[in-house]
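What follows is a set of notes on a single structure, which appears directly below.
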Amino acid sequence: MVIRGKVTRPLPAPLPMIVRKSWLKILGVTFQEIPFMWDHLDELMSKACSRMYIIRICKYYGFSRKELDLLFHSLILSILVFGIE
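For what it's worth, numbering that gives the first Met the number 0 labels the leading residue of the sequence shown as 0, then goes sequentially.
Here it is as structure tokens:
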């Protein structure tokens, strides 16, 4: 389905040589045909968890609280807020 404003139109007939996807990724935000699926959120959480490892290592090496806060805001909070605004 193609959505444009308040008007919805059905998709054109599929071409046999092109496989249709049920999702679209624009600027890192995943849009899906079924909106209640949480693949985008799972992807963000996976990325945030892997970046938390960097903060844990920096904490182990004695970074100050201010430096850890800066790392959190630049590495983790930025990816969580990006798709919301």
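Note that CB positions come from ideal geometry on N, CA and C, so glycine has one too.
Helix, strand or coil for I25 per DSSP?
Reduced to three states, the DSSP call for I25 is strand.
Could you pull the DSSP bridge partners for F71 from this structure? Note: F71 sits in no beta bridge, so no partner.
* Would you mind reading off the limits of the alpha helix (DSSP H) that contains F81? => S77 to F81
| Using 8 Å as the Cβ pair cut-off and three pairs as the minimum, do the segment 59-76 and the segment 18-34 touch? | no
Task: Buried/exposed call for L43, threshold 16 Cβ in 10 Å - done: buried
Q: Please list, in chain order, all residues of the same chain as K58 whose beta carbon is under 7 Å from its beta carbon, the five residues on each side excluded.
A: The answer, listed in chain order, is L67.
N-terminal and C-terminal residue of the alpha helix (DSSP H) that L43 is part of: D38 to Y59
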